[in-house]
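For reference, the structure is listed below as structure tokens.
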Amino acid sequence: MKEVETMSRAEWQVMRIIWTLGEATSKQVIEILERKTDWKAATIKTLMIRLQKKHFLKAEETKRPYIYQPMIQENEAIHESVNELFDSICCMRKGSAINDLIENSDISQSDISQMIATLNKKAQTAPEEVECDCLEAELN
């Protein structure tokens, strides 16, 4: 399992482009990011090299230009990143954090329907209140 928490925000932007395209040359990534950001080509190449060193990206080096491909699936990276974040939040605060995320995100009708179905299923076994887990290890 790769350590997604080591991926910087800038590296995430590079990965999002490559995930969307499936594979890309550095020129393609540079063209897209230069339109979206004020980054220079050298900065973007540095980010791509870092992603290779972290084993998130691989380059097909048998022909020119190199073709870059993701070594981690987008849904896996998102899952790891979200779980890493939520592991650092008190259990009592996770519900409000999720609610805040929903309120401040663009979400499709189908995603909303899926969330409602998940919440309805979860509601059947959810406790009335979630207990704080911040001091659990220290108290036992």
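With this note's numbering applied, the sequence shown corresponds to residues 7 to 146, in that order.
Heads up, the beta-carbon is just placed ideally off N, CA and C, and yes, glycines get one too.
Flag this pair as touching only if the stretch 98-111 and the stretch 129-142 have three or more C-beta atom pairs under 8 angstroms; answer yes or no.
Output reads yes: the stretch 129-142 touches the stretch 98-111.
For Ala132, does the three-state DSSP call read helix, strand or coil?
Residue state, collapsed to three classes: coil.
In angstroms with no decimal places, state the Cα-to-Cα distance between Ile108 and Ser114.
Cα to Cα, the separation comes out at about 11 angstroms.
In angstroms, rounded to a whole number, what distance separates the CA positions of Val6 and Ser111?
Only positions 7 to 146 of the chain appear in this structure, which leaves residue 6 out of reach.
If contact is defined by three or more beta carbon pairs under 8 angstroms, each pair taking one atom from either stretch, is the stretch 24-40 in contact with the stretch 62-72?
Touching, yes, given that three or more Cβ pairs across the two stretches are closer than 8 angstroms.
On the premise that Leu63 lies in contact with Ile24, defined as a C-beta separation below 8 angstroms, what is that separation, rounded to the nearest angstrom?
That belief holds up - the Cβ atoms of Ile24 and Leu63 are roughly 7 angstroms apart, short of 8 angstroms.
Can you check the stretch 93-134 for any alpha helix (DSSP H) of at least 4 residues that lies completely inside it and give the ranges in chain order?
Here the runs fully enclosed are 97-109, 115-129.
Could you tell me which uninterrupted alpha helix (DSSP H) segments, each at least 4 residues in length, are contained entirely in the stretch 15-64, listed from first to last along the chain?
For the stretch 15-64, whole alpha helix (DSSP H) runs of length 4 or above, ordered along the chain, are 15-27, 32-42, 47-59.
Since I believe Val20 is in contact with Ile55 (beta carbons under 8 angstroms), could you give me their beta-carbon distance rounded to a whole number of angstroms?
So it is not a contact: roughly 10 angstroms between Cβ atoms.
Name the one or two DSSP bridge partners that Ile73 has.
BP columns for Ile73 point to Glu66.
Within its chain, find whatever has a CB closer than 7 angstroms to the CB of Glu29; leave out the 5 residues flanking it on each side and keep chain order.
Correct list, in chain order: Ile73, Tyr74, Gln75.
Taking only three categories from DSSP, how would you classify Leu141?
Note: Leu141 maps to coil in three-state DSSP.
Using the C-alpha atoms, what's the distance from Ile118 back to Asn126?
C-alpha separation (whole angstroms): 12 angstroms.
Once you ignore the five residues that flank Ala65 on each side, which residues in its own chain have a CB closer than 6 angstroms to its CB?
Same-chain partners within the cutoff: Tyr72, Tyr74.
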